[in-house]
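Student: Below is one structure. I have some questions about it.
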Amino acid sequence: RTHRGMLAAELGLNEDEDVFEIEGMMALRDLFEIAAIEKPELHDKTHRAVDHPLLANDRRNIFHIIRENGPLLLQHPYQAFSTSVERFLRTAAEDPKVLAIKMTLYRTSAGPILDSLMQAARNGKQVAVLVELKARFDEAANIVWARRLEAEGIHVNYGVMGLKTHSKLIFIVRRDYSQLRRYYHIGTGNYHSGTAKLYTDLGMLGCDEDIGQDLTELFNYLTGYSPPPSYRKILAAPYTLKRGIIEKINREIEHHKRQGGGLIQMKMNALEDAEITRALYKASRAGVKVDLIIRDTCRFRPGLPGISETGRVVSIVGRFLEHGRIIYFRNGGAEEYYIGSADMMGRNLDSRVEVHAPVENPELRQELRLILDVQFADTRSAWDMDSDGNYTQRTPEDENAKGAQETLIGVAEKRLAAAAKHKEKKVRSKLLSHFQWRLRDKNLK
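Sequential numbering from 18 applies to the sequence shown in the working numbering.
So, in structure tokens, the structure goes:
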């Protein structure tokens, strides 16, 4: 409130006017001066990301770790970008068994990611990068980097005419023993070391054969071939993602009609697409529980009598910008989880190349369930949307209650400490049970 008054005075406005909703406000970067005021009691404690528990104490080749342990779920900024994604690409550049690297770049920065790509090319590997020149605010920087990459002998492509390439993908072909194996990183955030410290994002490192084949066909499409009629596992915009999600929403309705207990949960930046919104209203009218975690625009209004009474919309406002995307369907007990790059917006689903990939590993599903449960149970930094579209902040009964982001910082630290004692799985299961109990208790109240 004080900061709002200060800003209003500077702009010559009445303090009661909603200064922060003035569209087109000039010099927004100047607001960082407020955040830079040296008052330690008003600042969050410095956050330092920890290593992924399966990568922290294992110095082996990261491809061996992925192949032997199965897929890894990365949670930024709670887990370090430098010792996971950057390590993955750096190892690929240096490993003599790696034959090819393909990657999409929407936003990036000078540093290890680009250095590794250029080093890979110098080491004689086949390197292809799809650079999106229309990435808002980064157009000039992307042109500069595209030229640098081309000068190093990297094949630079600019994607499909008329579509933005917004997917977050690294695809690596490696000679494992006597066979070729495809490794990948599929993420929700940009390959940018700066935003990896400020945005909450997810990524998956894996070598699933079907997903690898899907990504082969996707990169073929991005470099000039026609798109496949369907994929084995991934959902890709602009052809299969929207259709696939609507089909799964309708499937959830049918399961609910037969056996009850229908549940759809989505975490994303924005829900704006009319067809997806209509499908979610249809599900709620049928009695399916629709839980949404939305950062920005949301066209779905919860709690409307006879329309969306089973709906809930929550927004998390904390020290980090919520940017990760999770989609969950109970699917009659055969649960499905997806992570990926797309928001449920017309521009993402119809005019961009986006990828959502299934998370099938039971332990990784537990990690996603924990994230969702922690955020839905948050009483400190969560805001509930009312049926009129306004938000009301939750008030904790316990003054010492932590917000979801602070809780997940603690979860990452506990998992790392437990991994050193080989108890990481037990800790994750215990934390999951704790937040599921809290959610059940809140619903009973």
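Don't be surprised by glycine CBs; every beta carbon is placed ideally from N, CA and C.
For the beta strand (DSSP E) containing K306, name the first residue and the last one.
Tutor: From DSSP, the beta strand (DSSP E) with K306 extends over K306 to I311.
Student: Contact check, P375 vs Y354 under 8 Å by CB: the rounded distance?
Tutor: The pair is a contact, with the Cβ atoms about 7 Å apart (cut-off 8 Å).
Student: Return yes when the Cβ of E271 is within less than 8 Å of the Cβ of S301, no when it is not.
Tutor: No.
Student: List the whole-angstrom C-beta distance separating V161 from E167, where the pair is believed to meet the contact cut-off of C-beta under 8 Å.
Tutor: The Cβ separation is near 11 Å, so there is no contact.
Student: Would E292 pass as a contact of K265 if the rule is Cβ separation under 8 Å?
Tutor: No, they are not a contact pair.
Student: Given a cut-off of 8 Å, decide if H209 and S126 are closer than it, judged by their beta-carbon atoms.
Tutor: Cβ distance < 8 Å, so S126 and H209 count as in contact.
Student: The beta strand (DSSP E) that contains M135, what's its start and end?
Tutor: Per DSSP, M135 belongs to no beta strand (DSSP E); it is in the alpha helix (DSSP H), P129 to R139.
Student: For D218, does the three-state DSSP call read helix, strand or coil?
Tutor: Note: D218 maps to strand in three-state DSSP.
Student: Which same chain residues end up closer than 8 Å to D227 when comparing Cβ atoms and leaving out the 5 residues on each side of it in sequence?
Tutor: The residues are R249 and K250.
Student: If I measure Cβ to Cβ from T412 and keep anything under 8 Å in the same chain, skipping five residues before and after, which residues do I get?
Tutor: Cβ within range, chain order: T396.
Student: According to the neighbour-count rule (16 or more other Cβ atoms, all chains shown, within 10 Å of its Cβ), is R191 buried or exposed?
Tutor: Counting Cβ neighbours within 10 Å, R191 comes out buried, since at least 16 surround it.
Student: Whole angstroms is fine: what's the gap from M135's alpha carbon to T240's?
Tutor: One C-alpha to the other measures close to 20 Å.
Student: Counting only the same chain and skipping the five closest in sequence on each side, list residues whose C-beta sits under 8 Å from that of G279.
Tutor: Excluding sequence neighbours, G279 sits near E269, I270, H272, H273, A300, A303, G304, V305, K306 and R347.
Student: Following the continuous alpha helix (DSSP H) through Y175, name the residue where it begins and the one where it ends.
Tutor: Looking at the DSSP string, Y175 is not in any alpha helix (DSSP H), and its letter there is neither H nor E.
Student: Between which residues of its own chain and R18 is the CB-CB distance below 8 Å, once the five residues before and five after are set aside?
Tutor: Interpretation of R18 is limited by its pLDDT of 35, a score under 50 that renders its predicted location unreliable; no figure is taken from the coordinates.
Student: Do you know offhand how far L381's Cα is from L89's?
Tutor: Going by the C-alpha atoms only, they are around 7 Å apart.
Student: By a C-beta neighbour count over all protein chains shown, 10 Å radius and 16 as the cutoff for buried, is I39 buried or exposed?
Tutor: With a pLDDT of 46 at I39, under the threshold of 50, the predicted position of this residue should be treated as unreliable, though the coordinate-derived value follows. Exposed: under 16 other Cβ atoms inside 10 Å.
Student: Are G335 and A421 touching if we call contact CB-CB under 8 Å?
Tutor: Result yes, Cβ atoms of G335 and A421 sit closer than 8 Å.
Student: Report the residue from D401, Q92 and T314 whose alpha carbon sits nearest the alpha carbon of I343.
Tutor: Measuring from the Cα of I343, the nearest candidate turns out to be Q92.
Student: Any idea which residues DSSP pairs H202 with across the strands?
Tutor: H202 pairs with I187 and L222.
Student: For E40, name the three-state secondary structure that DSSP assigns.
Tutor: Note that E40 scores a pLDDT of 48, beneath 50, so its modelled location is shaky and nothing firm can be said.
Student: Starting from F105, trace the alpha helix (DSSP H) in both directions and tell me its first and last residue.
Tutor: V102 to E111 is the span of the alpha helix (DSSP H), which, as asked, contains F105.
Student: Any chance you could list the alpha helix (DSSP H) runs of at least 4 consecutive residues sitting entirely within the segment 368-436, in chain order?
Tutor: The qualifying runs are 379-394.
Student: Please name the residue, chosen from Y298, G261, N407 and R295, that lies closest to V331 on a Cα-to-Cα basis.
Tutor: Looking at the Cα atoms, N407 is the closest of the given residues.
Student: Note down the Cα distance separating T217 from Y175, rounded to an integer number of angstroms.
Tutor: For T217 and Y175, the distance between alpha carbons rounds to 27 Å.
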